[in-house]
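To start, the structure itself, in structure tokens.
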Amino acid sequence: MQKSMLQAVISDQKAFKWVPSAIVRQHVSIVEDDSVVVISGIRRCGKSTLLQAIRAKNKEQDYYINFDDDRLIQFKVDDFQMLLELFGERYGKQTTFYFDEIQNISGWERFVRRLHDYGDKVYITGSNASMLSKELGTHLTGRYQQVELYPFSFLEYLALNQIEPSSLDRFNTDDKALLKASFNDYFKLGGFPAFLKSKHPEYLKSLYESVLYRDVMVRNGITNEQELLELMFFVTSNTSKLISYNSLAKVIGVKNATTVKQYLGFLQDAYMLSLVSKYDTSLKKQLHNPKKVYGIDLGLMRQLSFQHSENQGRLLENLVFLELKRQSKTVYYHHHKGECDFVIKEKNSITEVIQVCWSLYDAKTKQREINGLLEAMSAYQLKEGLILTEDESDQLTIDGKIINIMPVWLWLLWGE
Numbered sequence: 001m002q003k004s005m006l007q008a009v010i011s012d013q014k015a016f017k018w019v020p021s022a023i024v025r026q027h028v029s030i031v032e033d034d035s036v037v038v039i040s041g042i043r044r045c046g047k048s049t050l051l052q053a054i055r056a057k058n059k060e061q062d063y064y065i066n067f068d069d070d071r072l073i074q075f076k077v078d079d080f081q082m083l084l085e086l087f088g089e090r091y092g093k094q095t096t097f098y099f100d101e102i103q104n105i106s107g108w109e110r111f112v113r114r115l116h117d118y119g120d121k122v123y124i125t126g127s128n129a130s131m132l133s134k135e136l137g138t139h140l141t142g143r144y145q146q147v148e149l150y151p152f153s154f155l156e157y158l159a160l161n162q163i164e165p166s167s168l169d170r171f172n173t174d175d176k177a178l179l180k181a182s183f184n185d186y187f188k189l190g191g192f193p194a195f196l197k198s199k200h201p202e203y204l205k206s207l208y209e210s211v212l213y214r215d216v217m218v219r220n221g222i223t224n225e226q227e228l229l230e231l232m233f234f235v236t237s238n239t240s241k242l243i244s245y246n247s248l249a250k251v252i253g254v255k256n257a258t259t260v261k262q263y264l265g266f267l268q269d270a271y272m273l274s275l276v277s278k279y280d281t282s283l284k285k286q287l288h289n290p291k292k293v294y295g296i297d298l299g300l301m302r303q304l305s306f307q308h309s310e311n312q313g314r315l316l317e318n319l320v321f322l323e324l325k326r327q328s329k330t331v332y333y334h335h336h337k338g339e340c341d342f343v344i345k346e347k348n349s350i351t352e353v354i355q356v357c358w359s360l361y362d363a364k365t366k367q368r369e370i371n372g373l374l375e376a377m378s379a380y381q382l383k384e385g386l387i388l389t390e391d392e393s394d395q396l397t398i399d400g401k402i403i404n405i406m407p408v409w410l411w412l413l414w415g416e
């Protein structure tokens, strides 16, 4: 590309004034060593803001460029050397680099590898899981640390609204009322930072279209827009339900189940969806059993899906899943005679089992949830299990096994 254009981009982006965020991101831990730091996640979840916060703390701050700029469409891998020279001419010698949305440039990983081999520190952000993992795995194996970022957690939402829980052991009436009201709002709005400030529905619509068209359709050469839209509508309307590629193909009228599998893979790469497998010691069975689908954000899902009363419990389950992923948990579901929503694997064993239910008031619902949890506890030899509800608390002991019942909002405050 033209040197003058690249100079203009560097100057303009340097002049842009970032508004620092007062929110300390939960579950974000960056080891200060010589590895390449990769911050990944869906568009507009706060990756650039986190990158700017890192820049602000570092002594060297100038070698920064955001590749999600229309003037850089013609930027090719050969232009990285020109970029390096322009940085040096403008700011002098520095050894710390910051690259936003670098996956837009084919071959970027070789340049980053060169910088790393020369002893430079590199921070990058990206919005495509597959592209990042493929290039990182090929050229930067053992040389990078990855930080997956999600929309705001409940604790981060409280911080945004300057609400600080006084004590997790004992709440007074006013504290509890404020926290429950805040949770109800968070449950409706989700956690995209800019949307929480504006609360304008058009923002989520714009975000959805940007991810769907730019990160999914254009990037993967998808031409049948209607199939993809119908798939997104169906899975977001049926979050946490069991699905199979064949059943989805029939529902949306796609001839080949492989096409559905590819679509879901592309949506996962763009961080729109996550698929959860049934736990099995056989990897082959894991791959072939039905999946459960969860969305990236409740506010976004409410914009995209058909909502009815049954969905409240399923959205609550989706919320719990997102928190488990923020905590970097390896998550499966259990299904035999009964079902348990989440089984958590650490190293080679299952360490936690969790049910999520809107309410246990109905006797049949309560018995079903307890039976599914007890079955999972027995299967994985656990003495304790957890049922998360909208606002119920209790502790049960059944056949020597302890079942803790807790409101989701309180569990979210505990973090980890």
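For the sequence shown, UniProt numbering begins at 1 and goes up steadily by one. Ideal Cβ positions, reconstructed from N, Cα and C, are used throughout, including at glycine. This one's a predicted model, so the numbers in the text were calculated from it and none came from an experiment.
Of the choices R43, N371 and H288, whose alpha-carbon is the least far from that of L149?
R43
Report all residues from its chain with a CB closer than 8 Å to the CB of G400; omit the five preceding and five following residues, and keep chain order.
K383
Enumerate in chain order the residues of its own chain whose CB-to-CB distance from L155 is below 8 Å, with the five nearest sequence positions on each side excluded.
Q26, L412, L413 and G415
In the DSSP output, which residue or residues are listed as bridge partners for F342?
I354
Between the region 210-225 and the region 178-195, do three or more beta carbon pairs fall short of 8 Å?
no
State the beta-bridge partners of Y98 as determined by DSSP.
DSSP, once it has assigned bridges, lists Y64 and Y123 as partnering Y98.
What separation, rounded to the nearest whole angstrom, lies between the Cα atoms of M232 and S4?
42 Å
Anyone know if the C-beta pair for Q103 and Y63 falls short of 7 Å?
Their beta carbons are not under 7 Å apart, which means Q103 does not touch Y63 by this criterion.
Classify H288: buried if its beta carbon has 16 or more other beta carbons within 10 angstroms, exposed otherwise.
Per the 10 Å Cβ criterion, exposed.
Starting from the C-beta of L304, find all residues in its chain whose C-beta is less than 7 Å away, skip the five residues before and the five after it, and write them out in chain order.
Listed in chain order, the non-local C-beta contacts of L304 below 7 Å within the same chain comprise Y208, M232, F233 and T236, local neighbours out to five positions each way being set aside.
Report all residues from its chain with a CB closer than 7 Å to the CB of R55; omit the five preceding and five following residues, and keep chain order.
Q61, Y64 and Y98
What residue range is occupied by the uninterrupted beta strand (DSSP E) comprising N404?
Start and end: K401 to P407.
List, from N- to C-terminal side, the alpha helix (DSSP H) runs of 4 residues or more that fit wholly inside the UniProt domain "DUF4143" (214-357).
225-237, 245-252, 257-269, 283-288, 298-304 and 311-326, all fully within the UniProt domain "DUF4143" (214-357).
For the region 255-262 against the region 278-292, do three or more pairs of beta-carbon atoms, one drawn from each stretch, fall closer than 8 Å, so that the two count as touching?
no
Helix, strand or coil: which one does DSSP assign to T397?
strand
Where R114 and D297 are concerned, what is the direct C-alpha to C-alpha distance, given to the nearest angstrom?
37 Å
With a threshold of 8 Å on Cβ separation, who are the neighbours of R227 within its own chain once the five nearest residues in sequence on each side are excluded?
The sequence shown places Glu at residue 227, not Arg. Contacts found: I252, G253, V254, T259 and Y263.
Could you check if V24 is buried or exposed, using at least 16 other CB atoms within 10 Å of its CB as the buried criterion?
exposed
Which whole-angstrom value describes the C-beta separation of residue 425 and L319, a residue pair presumed to lie in contact below a C-beta threshold of 8 Å?
The chain is shown only over 1 to 416; residue 425 falls outside these bounds and no answer can be derived.
Does N58 have its Cβ less than 7 Å from a Cβ in chain C?
Of the protein chains in this structure there is only one, and it is not chain C.
Output the residue ranges of the alpha helix (DSSP H) runs that lie fully inside the region 156-214 and measure 4 residues or longer, sorted by chain position.
173-189, 193-198 and 201-210
Starting from Q145, trace the beta strand (DSSP E) both ways and give me its first and last residue.
For Q145, the uninterrupted beta strand (DSSP E) segment begins and ends at Y144 to E148.
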